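Right, one structure below, let's go through it.
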Amino acid sequence: MYRDRQERSLDQEQGDEVIRHAAARLRVPLPIDSGFDARVMTAVRAEARVAKAGSGHRVVRGWWTGVALASVAALVLLAVRSQIGSFHTGTPNPSTRGLPTTGATASTITATQGRPGLQRVRFEFVTPEVGNVRRVTIVGSFNGWNTSVTPLRSLGRGRWATEVPLSPGRYTYQFVINGRQWVPDPGAPRDADSDFGTSNSVVTVAQGGMT
Amino acid sequence: MIGPPDIEGSSRQDEDAPIVARVRAGDVDAYAILVSRYRDAAVRYAYRMLGDLSDAEDVTQDAFIRAYRSVTRDQEPVRFEAWLFKILVNRCRTAAARRSRRRKLFVEDHLGVDRWAAQQAQDSRREGETDFEMDEELDRAMARLNDAQREAFLLKHVNEMTYEDMATLTGTPIPALKMRVSRACETLRACLAEVYHVS
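Protein chains in written order, with my numbering: chain A, 1 to 211; chain B, 212 to 410.
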């Protein structure tokens, strides 16, 4: 009896003009970001490369991770206590003027061995402003300073991370918040040369790891 | 295992199966076909569940990556679409729960509204403001549904899934799903009958 009533109700719904109209409007295509497919495939290819590299990864230079984590903890504590908006130094990057600051940030970088000649370098970005940060990407000399091809994945609670396969060499980079705000890595050394007023962060991948 | 597919589902399954086989064999680029095929429906579902286009794109991207991982490392899915949506539904639930802790309102989507409005303005088929106003009413009506009702309504009436498929991918019994859809329809009917000039 109860089930019959449910079935009759369902028939009414299916014949209901309001519901049909609403469903039709809800099926109208959305203005999805034109770079969506490329972003997904970049992440998928990175996933495939990691899988192909095998499960025999080992963390290189574990001492560096410990040092980095310690310095990051100190930076976060310092930033929170002094209510510093971000770790920008010097003249702001012209492209970020007028934008709200990101808030205290921190990052860690670790490297593991991947394919021969490549190190999988993990970049991690941490921010307490969980609600305001909706997308984080990394731009650098390793990806042509493209703001959309290397997204970080949200790990929750303001933590974002990605892994980039890099051959030995010196690279400069910054994080990009919500596609607009460029933020240097507070946990990494800065480049002495600055093209835009804000110096970039530097990571050096050596044969056996990273400095 | 997903239940008996309808005709459209069966057709899609036939089209997806050889692509999934290529991906499992190591052809990463073939996955782009599946991304292109299900991108719109997946983002649309996530957007309606989360009310934020940027969040919807992020959640959908995450679902595609997780689906790829499962396809290549675990068992071969019987139907890729159902496999993807099972992941997506769970990711949306997680995102919605996280956001509710942040007390963010469903209608608070400046980026989505801006981009939506820009598209509407460029849509030459539109005749005045009527449709836009009705869509705003529809957004408000959808926001009055609870998450479970919105999820069931979207899967049934927008994605046009069978109750069997919905039960499999949501883990909810069919009678409960029917009740949620019925309640959702009652709410939408009450909110929108006047807007759509239907008695």
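Where a beta carbon is used, it is the ideal one built from N, C-alpha and C, also for glycine. All figures in this text were calculated on a predicted structure; none of them were measured in a lab.
Taking only the alpha-carbon atoms, compute the straight-line gap between residue i and residue j and give it to the nearest angstrom.
| i | j | result |
| --- | --- | --- |
| B/Met-390 | B/Cys-402 | 18 Å |
| A/Ser-201 | B/Thr-305 | 33 Å |
| A/Ala-48 | A/Glu-17 | 47 Å |
| A/Gly-131 | A/Ala-38 | 25 Å |
| B/Tyr-279 | A/Leu-152 | 17 Å |
| B/Cys-303 | B/Leu-295 | 12 Å |
| A/Asp-185 | A/Val-133 | 16 Å |
| B/Pro-383 | B/Gly-237 | Pro is not the amino acid found at residue 383 of chain B; the sequence shown has Thr there. Approximately 35 Å, taken between the alpha carbons. |
| A/Asp-191 | A/Ile-19 | 59 Å |
| B/Ala-332 | B/Ala-228 | Residue placement at B/Ala-332 is poorly supported in this model, since its pLDDT is 49, which falls under 50; the coordinates are not used for a value here. |
| A/Gly-35 | A/Gln-181 | 18 Å |
| A/Ala-51 | A/Gly-179 | 28 Å |
| A/Leu-155 | B/Thr-271 | 15 Å |
| A/Pro-128 | B/Arg-309 | 15 Å |
| B/Glu-347 | A/Ser-199 | 45 Å |
| B/Ala-293 | A/His-21 | 25 Å |
| B/Val-392 | B/Arg-400 | 12 Å |
| B/Glu-226 | B/Ile-385 | 28 Å |
| B/Asn-370 | B/Val-289 | 18 Å |
| B/Asp-285 | B/Met-372 | 25 Å |
For residue i, which residues of its own chain have a beta-carbon under 6 Å away from its beta-carbon, when the five flanking residues on both sides are left out?
| i | result |
| --- | --- |
| B/Cys-396 | none |
| A/Leu-26 | none |
| B/Arg-394 | Gln-360 |
| B/Met-345 | Val-406 |
Could you tell me whether the Cβ atoms of residue i and residue j are closer together than 7 Å?
| i | j | result |
| --- | --- | --- |
| A/Thr-162 | A/Ser-141 | no |
| A/Arg-159 | A/Val-136 | no |
| B/Leu-388 | B/Tyr-407 | no |
| B/Ala-241 | B/Arg-248 | no |
| A/Thr-147 | A/Val-176 | yes |
| B/Arg-277 | B/Ile-298 | yes |
| B/His-368 | A/Ala-23 | yes |
| B/Thr-398 | B/Arg-351 | no |
| B/Val-231 | B/Phe-291 | yes |
| A/Val-40 | B/Phe-275 | yes |
| A/Gln-174 | A/Val-203 | no |
Give me the chain E residues within the contact set of residue i, using Cβ-Cβ distance strictly less than 8 Å, ordered along the chain.
| i | result |
| --- | --- |
| A/Pro-29 | The structure shown contains no chain E; its protein chains are A and B. |
Provide the residue span of the beta strand (DSSP E) that contains residue i, from first to last.
| i | result |
| --- | --- |
| A/Val-205 | 201-206 |
| A/Ser-154 | 153-156 |
| A/Tyr-171 | 169-177 |
| B/Leu-245 | Careful: B/Leu-245 lies outside any beta strand (DSSP E), inside the alpha helix (DSSP H) at 242-261. |
| A/Leu-166 | 159-166 |
| A/Val-130 | From DSSP, A/Val-130 is part of no beta strand (DSSP E); its letter is neither H nor E. |
| A/Val-126 | 119-126 |
| B/Val-369 | Careful: B/Val-369 lies outside any beta strand (DSSP E) and carries neither H nor E. |
| A/Trp-182 | 181-183 |
Can you name, in chain order, every residue of its own chain whose Cβ lies under 7 Å from the Cβ of residue i, other than the five neighbours on each side?
| i | result |
| --- | --- |
| B/Ala-267 | Val-254, Ala-257, Tyr-258, Leu-261 |
| B/Val-300 | Glu-362, Leu-380, Thr-381 |
| A/His-166 | Contrary to the premise, residue 166 of chain A reads as Leu rather than His in this sequence. So the qualifying residues of the chain are Leu-118, Gln-119, Val-121, Phe-142, Val-205. |
| A/Ala-46 | Glu-163 |
| A/Gly-144 | none |
| A/Arg-170 | Val-202, Thr-204 |
| B/Met-353 | Arg-259, Arg-361 |
| A/Arg-157 | Val-130 |
| B/Asp-273 | Arg-302 |
Considering residue i, what are the terminal residues of the alpha helix (DSSP H) in which it resides?
| i | result |
| --- | --- |
| B/Ala-278 | 264-284 |
| B/Val-392 | 385-403 |
| B/Arg-361 | 358-364 |
| A/Val-18 | 17-26 |
| B/Ala-378 | 374-381 |
Compute the beta-carbon to beta-carbon distance between residue i and residue j, rounded to the nearest angstrom, for a pair I have assumed lies under 8 Å.
| i | j | result |
| --- | --- | --- |
| A/Phe-123 | A/Val-164 | 7 Å |
| B/Met-377 | B/Leu-365 | Between B/Leu-365 and B/Met-377 the Cβ distance is about 10 Å, and since that is not below 8 Å, they are no contact. |
| B/Ala-307 | B/Asp-358 | 6 Å |
| B/Leu-349 | A/Leu-30 | Their Cβ separation, rounded to whole angstroms, is 14 Å, which puts B/Leu-349 and A/Leu-30 out of contact at 8 Å. |
| B/Asp-251 | A/Ile-32 | 7 Å |
Identify, in the order they occur along the chain, each residue of the same chain with its Cβ nearer than 8 Å to the Cβ of residue i, setting aside the five sequence neighbours on each side.
| i | result |
| --- | --- |
| A/Pro-189 | Ser-201, Val-202 |
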